[in-house]
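Asks: Pasting in a structure now, in structure tokens, and then I'll have a few things to ask.
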Amino acid sequence: MTAGRLGSQKDTEGKGGLWKFALERGMSRRRFLQLLSAGGTAAVLASCAGLPLPTATAPTADEGTEEGPQFSKDPAPFVDLGGGNLEARLENMQGLITPSRLFFVRNNSVSLEVDAADWRLFVEGDAVSNRLELSYDDILNLPSRTFVSYLECAGNQRAMFDLVKGRAAKGTQWKTGAVGNGAWTGAAMRDVLERAGITEEAVSVLLIGLDTGSPEKGFRRVMPVEKAMDPDTLLAYALNGEALPRDHGFPLRALAPGWVGAANIKWLGRIVVSSKQLWTRNNTTSYALIGDSYPPAGESLGKPLTTQTVKSALALVWPADLAAGKNRIYGFAHSPNGPIAKVEWSIDSGATWNASTLEEPQIQAEFGQLAEDFSDSAFRYSWTRFGFTWDARRGEHTIMTRATDAAGNTQPDEILFNEKGYLFNQPLPHPIRVT
Numbered sequence: 425m426t427a428g429r430l431g432s433q434k435d436t437e438g439k440g441g442l443w444k445f446a447l448e449r450g451m452s453r454r455r456f457l458q459l460l461s462a463g464g465t466a467a468v469l470a471s472c473a474g475l476p477l478p479t480a481t482a483p484t485a486d487e488g489t490e491e492g493p494q495f496s497k498d499p500a501p502f503v504d505l506g507g508g509n510l511e512a513r514l515e516n517m518q519g520l521i522t523p524s525r526l527f528f529v530r531n532n533s534v535s536l537e538v539d540a541a542d543w544r545l546f547v548e549g550d551a552v553s554n555r556l557e558l559s560y561d562d563i564l565n566l567p568s569r570t571f572v573s574y575l576e577c578a579g580n581q582r583a584m585f586d587l588v589k590g591r592a593a594k595g596t597q598w599k600t601g602a603v604g605n606g607a608w609t610g611a612a613m614r615d616v617l618e619r620a621g622i623t624e625e626a627v628s629v630l631l632i633g634l635d636t637g638s639p640e641k642g643f644r645r646v647m648p649v650e651k652a653m654d655p656d657t658l659l660a661y662a663l664n665g666e667a668l669p670r671d672h673g674f675p676l677r678a679l680a681p682g683w684v685g686a687a688n689i690k691w692l693g694r695i696v697v698s699s700k701q702l703w704t705r706n707n708t709t710s711y712a713l714i715g716d717s718y719p720p721a722g723e724s725l726g727k728p729l730t731t732q733t734v735k736s737a738l739a740l741v742w743p744a745d746l747a748a749g750k751n752r753i754y755g756f757a758h759s760p761n762g763p764i765a766k767v768e769w770s771i772d773s774g775a776t777w778n779a780s781t782l783e784e785p786q787i788q789a790e791f792g793q794l795a796e797d798f799s800d801s802a803f804r805y806s807w808t809r810f811g812f813t814w815d816a817r818r819g820e821h822t823i824m825t826r827a828t829d830a831a832g833n834t835q836p837d838e839i840l841f842n843e844k845g846y847l848f849n850q851p852l853p854h855p856i857r858v859t
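Position in the sequence shown (from 1) plus 424 gives the number in the working numbering.
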């Protein structure tokens, strides 16, 4: 081990090691050693993900690339909103977990292609005693955690400011599909910060991505040191048991459960730990609640966004068409404050509410061997799938849903307007035509 770096191939059979990662995906020891010898960690991870093996001509992490297709995944199952945004269709979600091929995409540039063999994560700043330069091997050889968490764009349901409240907000007009739920594997960010010698003077942690085509030449977000040191804040390298897809930040992204999507920096390349409060575009003029009801805070034009809000939505197209008679209707609810305790539904604009059924996770069916790494709190940040039976009569209807989390937080009847349309979470009057 050299100063400022972790041993790149140390103890690959330990918890969080590369061998364990490959073994869980059915790779033989012989094949593992062949790949490791021939192409190192990048070759092993590429094989696990079913991707082509990296080549010497692949772009490095420092260079990245913004050429080629906007996305690596097929955009056909999505609503393409332009500008690097693919909205998921909740009606395509059949279980608790969102397959990566159906996971929404919110980019500020094209999805990068990064060669894991050349990629490095730099940890620096005036509030660490050692500058670190970590390879992909280094990250994989740290102790790992796997848990289920939803991830949601701050602008999810932005279109509802116009469709429901009659006042349009600026930004991409997401309906209900800028959210997904996945099983994330990674190392605790605090483990890396502790190895860098984080000091008591640390106040802010700045995360910077490699997407130089985004604003500020690398999408970035600040979080307080308390959030960065939370054991559930991850440096994630796998989604649903496979290496991160390109669209979702391969080789490494931040995962800050409960926080708005913009804080979960993709293609992570640099972490800066500062003894001062840091400000960027993404907590001053963007990703802040700005409007008459939100006074400026510090250098921000409004209230900087951190956590999400309790929310629910039906897994139906908007507007929906159903046949008359009994229909089993499903939806999803989630909260940054813990599990969902109940979801109610109403067909009379909220005058009366009915209880829905909350579905239990089908752990073995959906997760298989990956579930062996789950702790008792593995679903703390997961969304909840709910369902109810509606005996529908012909005509035009609306169904509203209202979620309450285990901490007692409930969706409000009304929310205040903000110029950029963030955090819409009042119950949605979902239009349904029954024939």
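Yeah, the Cβ is synthetic: ideal placement off N, Cα and C, and Gly gets one too.
Computed from a predicted model, the values in this text were never measured in an experiment.
Would D797 be called buried (16 or more neighbouring beta carbons within 10 Å of its own) or exposed?
Replies: D797 should be labelled buried.
Asks: If you draw a straight line from the C-alpha of N842 to the C-alpha of G715, how long is it?
Replies: Cα to Cα, the separation comes out at about 5 Å.
Asks: Roughly how many angstroms lie between the CA atoms of T828 and L794, to the nearest whole one?
Replies: In a straight line, the C-alpha of T828 is about 29 Å away from that of L794.
Asks: I'd like to know whether the C-beta atoms of F812 and I764 end up nearer to each other than 8 Å.
Replies: Contact: no.
Asks: I need the straight-line Cα distance from V734 to W683, nearest angstrom please.
Replies: Taking the straight line joining both Cα atoms gives about 12 Å.
Asks: Quick check on E557: does DSSP put it in helix, strand or coil?
Replies: Here E557 sits in strand by DSSP.
Asks: By the 10 Å Cβ neighbour count, where 16 or more other Cβ atoms means buried, how is G506 classified, buried or exposed?
Replies: When all chains shown are included, G506 counts as exposed.
Asks: Given I856, which residues of its chain have a CB within under 8 Å of its CB, disregarding the five upstream and five downstream residues?
Replies: Around I856: L740, P743, A744, D745, L746, A816, E820, H821, T822, I823.
Asks: In or out: L840 buried (at least 16 other Cβ within 10 Å) or exposed?
Replies: Classification of L840: exposed, given that the 10 Å Cβ count is below 16.
Asks: Does the stretch 631-648 come into contact with the stretch 690-706, if we say contact requires no fewer than three beta-carbon pairs (one atom in each stretch) closer than 8 Å?
Replies: Flag = yes, the stretch 631-648 and the stretch 690-706 touch.
Asks: Name the DSSP beta bridge partners of E548, please?
Replies: Paired residues: V696.
Asks: D615 to S559, Cα distance in whole Å?
Replies: Computed Cα separation, rounded: 15 Å.
Asks: Do you know offhand how far R670's Cα is from N565's?
Replies: Taking the straight line joining both Cα atoms gives about 21 Å.
Asks: Determine the DSSP secondary structure at E666, reduced to helix, strand or coil.
Replies: Of the three classes helix, strand and coil, the one that applies to E666 here is strand, per DSSP.
Asks: With a threshold of 16 other CB atoms inside 10 Å of the CB of D550, please say whether the residue is buried or exposed.
Replies: D550 should be labelled exposed.
Asks: Whose C-alpha, out of C577, G606, S806, P760, is nearest the C-alpha of G845?
Replies: Of the candidates C577, G606, S806, P760, the one whose C-alpha sits nearest the C-alpha of G845 is C577.
Asks: Using a 10 Å radius around the Cβ and a threshold of 16 neighbouring Cβ atoms, would you call N516 buried or exposed?
Replies: So N516 counts as exposed.
Asks: Between A593 and D586, what straight-line distance do the alpha-carbon atoms span, to the nearest angstrom?
Replies: Those two C-alpha atoms are separated by around 7 Å.
Asks: Could you please give me the residues that DSSP links to I875 through a beta bridge?
Replies: This structure cannot speak to residue 875, because the chain is shown only from 425 to 859.
Asks: Please go through the same chain and pick out, in chain order, the residues whose beta-carbon is closer than 6 Å to the beta-carbon of P760, but skip the five residues on each side of it.
Replies: If we look at P760 and ignore the five residues flanking it on each side, its Cβ neighbours are G682, T731, Q732.
Asks: Thinking C-beta only, is L536 closer than 8 Å to D635?
Replies: A contact, by the Cβ cut-off of 8 Å.
Asks: Answer yes if the stretch 606-626 comes into contact with the stretch 649-666, meaning at least three C-beta pairs across the two stretches below 8 Å, and no otherwise.
Replies: Contact holds: three or more Cβ-Cβ distances are below 8 Å.
Asks: Look up K497 in the DSSP assignment and say whether it is helix, strand or coil.
Replies: Three-state DSSP puts K497 in coil, outside helix and strand.
Asks: Select from S736, L738, Q701 the residue whose C-alpha is nearest the C-alpha of P728.
Replies: Nearest of S736, L738, Q701 to P728, Cα basis: Q701.
Asks: Just how far apart, CA to CA, sit Y718 and M584?
Replies: Going from the Cα of Y718 to the Cα of M584 covers about 20 Å.
Asks: May I ask you to list the residues that DSSP assigns as paired with A680?
Replies: BP columns for A680 are empty, so no partner.
Asks: Is R591 buried or exposed, if buried means 16 or more other CB atoms sit within 10 Å of its CB?
Replies: Exposed is the call here.
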